[in-house]
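Take a look at the structure below.
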């Protein structure tokens, strides 16, 4: 490797404006010095030999040390004494000239690293694979969007680089490239620098206390009544004495306990979790996101995320907050600087579908290069979750019912054998979300979205004494979120799980039927034929056949209960295969185009 290549790799923070010397210049200077030395000594061959050896020693670099230190911002040179008495004579002059030449090399390297895309450096003497790295970086900052995207794709597909080369990219790339790499399926995690060190906790403070202080600092305006209620409860009803009683975890006390006990038991959630759930609601408001950022929330949430590595629910709520903050483009630079892209990029490599989906939402909201839509809280893209060249032809939306959720409703049907195999995290044996695992593979041209929304039976609002929101209000709220995600711009199919014929749902059904007949919708309905056990004593036929018959489309009875009507036993089961056939037939023209 040439000396110039050495310095491009190793020296990244030193720089002046000296133009880059050519490699032959160094040796020409050395030869001139040696000739000058020889003419003075007039045949003193022994002394000349000594000076040449000394000169060689002063030039020698420990290449093994440099190889080990390529990641750092310096190289090792043998030291030269600062004592002037040792610097007299020909040796001093030779060393002086050599050090001047080395400084020129270091200067050139620094200039390249400060402005690696300048035209004068296109002929720098570096190895081919080093040149490709810098050319990719230059391409990634092109004014042409297509070139930028190609550069990111090439980076993500390159796997033969050394560690230090990934670190060069990590240090030199801009936020657009970093986000693009995080959204690229094949990207190496070495592209991402560790997050910056977190600030120390305040003296005599704790993570829980600082989280409560963050919540207390947020405005109480523009919040619904339930969020205000639980925010107040989390802030006012906690105490250190209860923290000690509960093993260091805060839980609700005072007036909160009798209220909670009326639901059967004291809630297991700590104040920490309730604070997070309240902050999730705050983060849906742009001005409150500004406050979270200004008050150190990005760093505090990061500390909490790392502290609760073994608590997926805490981590999911934290990612919900970051995903909501990412809806605000003016906060993107703060999110990137705080190190969240590195954390989310690692989460994208997880085997857990829920964790990956939360991470994918954050990155999609950050990626303004390839994503025009914005995914608000509760709207999760199951496919595609990475950048892709696959054209998306249609949307499939999965809507859970009461007591359901965006992921657990659509898991594979459980069995005793499968429960044991779950731990293996083998999606070919068991999937926690069949639309993500099966449908995405069978129909890659679809965008698959699963929606989660508040229901009075399935979330914390069930414990809120305030007035519930109407179905019409929640429907409009969900519609607003789906429009922000671009739903309606392509052909789409809705797949939903219902809870039967309550009066409110019956009214919705009548409205839907009128609309579906007017637009000539294709409809397929499955109905359970087996009762559902509630506890060990009660069994109930939740949706009888007569209730499930819409009077439009096909109605297919299936020998399962209400909970399993949306959970196929396996990929070749009738429930999934018939659903897949309906999607393909209904969207045949769109998928062909």
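Numbering (the numbering used here), first residue to last: 15 to 607.
All residues carry an ideal CB built from backbone N, CA and C; glycine is no exception.
In this text the structure is predicted, and so the values were computed from the model without any measurement.
Cβ-Cβ separation, residue j to residue i (assumed contact under 8 angstroms), whole Å
{"i": "residue 371", "j": "residue 424", "result": "The pair is not a contact, with the Cβ atoms about 12 angstroms apart (cut-off 8 angstroms)."}
{"i": "residue 447", "j": "residue 411", "result": "The Cβ separation is near 14 angstroms, so there is no contact."}
{"i": "residue 340", "j": "residue 349", "result": "6 angstroms"}
{"i": "residue 601", "j": "residue 462", "result": "Contact doesn't hold; Cβ gap of about 12 angstroms is too wide."}
{"i": "residue 355", "j": "residue 485", "result": "That belief does not hold up - the Cβ atoms of residue 355 and residue 485 are roughly 38 angstroms apart, past 8 angstroms."}
{"i": "residue 305", "j": "residue 232", "result": "5 angstroms"}
Sequence-distant residues of its chain with Cβ nearer than 6 angstroms to residue i (five each side left out)
{"i": "residue 504", "result": "408 and 409"}
{"i": "residue 390", "result": "495 and 498"}
{"i": "residue 85", "result": "Bear in mind that a pLDDT of 47 at residue 85, under 50, signals an unreliable position, so the model cannot answer this."}
{"i": "residue 162", "result": "154 and 156"}
{"i": "residue 261", "result": "Note that residue 261 scores 47 on pLDDT, short of 50, meaning its location in the model is unreliable; the coordinates nonetheless yield the value given after this. Cβ neighbours of residue 261 beyond the five flanking positions: none."}
{"i": "residue 578", "result": "427"}
{"i": "residue 598", "result": "none"}
{"i": "residue 245", "result": "292"}
Cβ-based neighbour list, residue i, same chain, cut-off 7 angstroms, excluding 5 preceding and 5 following
{"i": "residue 591", "result": "none"}
{"i": "residue 530", "result": "537 and 566"}
{"i": "residue 367", "result": "421, 446, 447 and 450"}
{"i": "residue 580", "result": "423, 424 and 511"}
{"i": "residue 331", "result": "290, 291 and 294"}
{"i": "residue 168", "result": "150"}
{"i": "residue 467", "result": "392, 488 and 492"}
Buried/exposed call for residue i, threshold 16 Cβ in 10 Å
{"i": "residue 393", "result": "buried"}
{"i": "residue 547", "result": "exposed"}
{"i": "residue 215", "result": "exposed"}
{"i": "residue 607", "result": "exposed"}
{"i": "residue 287", "result": "buried"}
{"i": "residue 382", "result": "exposed"}
{"i": "residue 640", "result": "Outside the displayed span of the chain (15 to 607) sits residue 640, for which this structure offers no information."}
{"i": "residue 493", "result": "exposed"}
{"i": "residue 490", "result": "exposed"}
{"i": "residue 297", "result": "buried"}
{"i": "residue 365", "result": "exposed"}
{"i": "residue 603", "result": "exposed"}
{"i": "residue 551", "result": "exposed"}
{"i": "residue 198", "result": "buried"}
{"i": "residue 203", "result": "exposed"}
{"i": "residue 278", "result": "Low local confidence applies: a pLDDT of 33 at residue 278 is under 50, so the model's placement there is unreliable, and no value is given."}
{"i": "residue 379", "result": "buried"}
{"i": "residue 338", "result": "buried"}
{"i": "residue 574", "result": "buried"}
Three-state secondary structure assigned by DSSP to residue i
{"i": "residue 400", "result": "coil"}
{"i": "residue 219", "result": "coil"}
{"i": "residue 499", "result": "coil"}
{"i": "residue 412", "result": "strand"}
{"i": "residue 461", "result": "strand"}
{"i": "residue 394", "result": "strand"}
{"i": "residue 507", "result": "strand"}
{"i": "residue 382", "result": "coil"}
{"i": "residue 194", "result": "helix"}
{"i": "residue 448", "result": "helix"}
{"i": "residue 424", "result": "helix"}
{"i": "residue 243", "result": "helix"}
{"i": "residue 180", "result": "helix"}
{"i": "residue 145", "result": "helix"}
{"i": "residue 372", "result": "helix"}
{"i": "residue 419", "result": "coil"}
{"i": "residue 406", "result": "coil"}
{"i": "residue 387", "result": "coil"}
{"i": "residue 173", "result": "coil"}
{"i": "residue 235", "result": "coil"}
{"i": "residue 289", "result": "helix"}
{"i": "residue 199", "result": "coil"}
Beta-carbon contacts of residue i that lie in its chain and below 8 angstroms, excluding the five residues immediately before and after
{"i": "residue 200", "result": "170, 171 and 173"}
{"i": "residue 565", "result": "527"}
{"i": "residue 208", "result": "353 and 356"}
{"i": "residue 206", "result": "184, 192, 195, 196, 355, 356, 359 and 360"}
{"i": "residue 272", "result": "Residue confidence is low: residue 272 scores 35 on pLDDT, short of 50, so the model does not pin down where it sits. No coordinate-derived value is stated."}
{"i": "residue 313", "result": "212, 213 and 352"}
{"i": "residue 570", "result": "538, 539, 540, 541 and 592"}
{"i": "residue 456", "result": "594"}
{"i": "residue 328", "result": "286, 287, 290, 318, 319 and 322"}
{"i": "residue 234", "result": "242 and 245"}
{"i": "residue 334", "result": "294, 297, 372 and 391"}
Check: residue i C-beta below 7 angstroms from any heavy atom of the ligand GTP
{"i": "residue 566", "result": "Absence of the ligand GTP from the depicted structure is noted, as is the absence of any ligand whatsoever, leaving it without description."}
If we require 3 or more residues per run, which beta strand (DSSP E) segments fall completely within the segment 524-606? Counting whole runs of 3 or more residues, the segment 524-606 contains the beta strand (DSSP E) stretches 538-542, 546-548, 552-554 and 568-572.
My parser needs the alpha helix (DSSP H) runs of 4 or more residues fully inside the segment 305-367; what are they? 311-321, 326-339, 346-351 and 354-361
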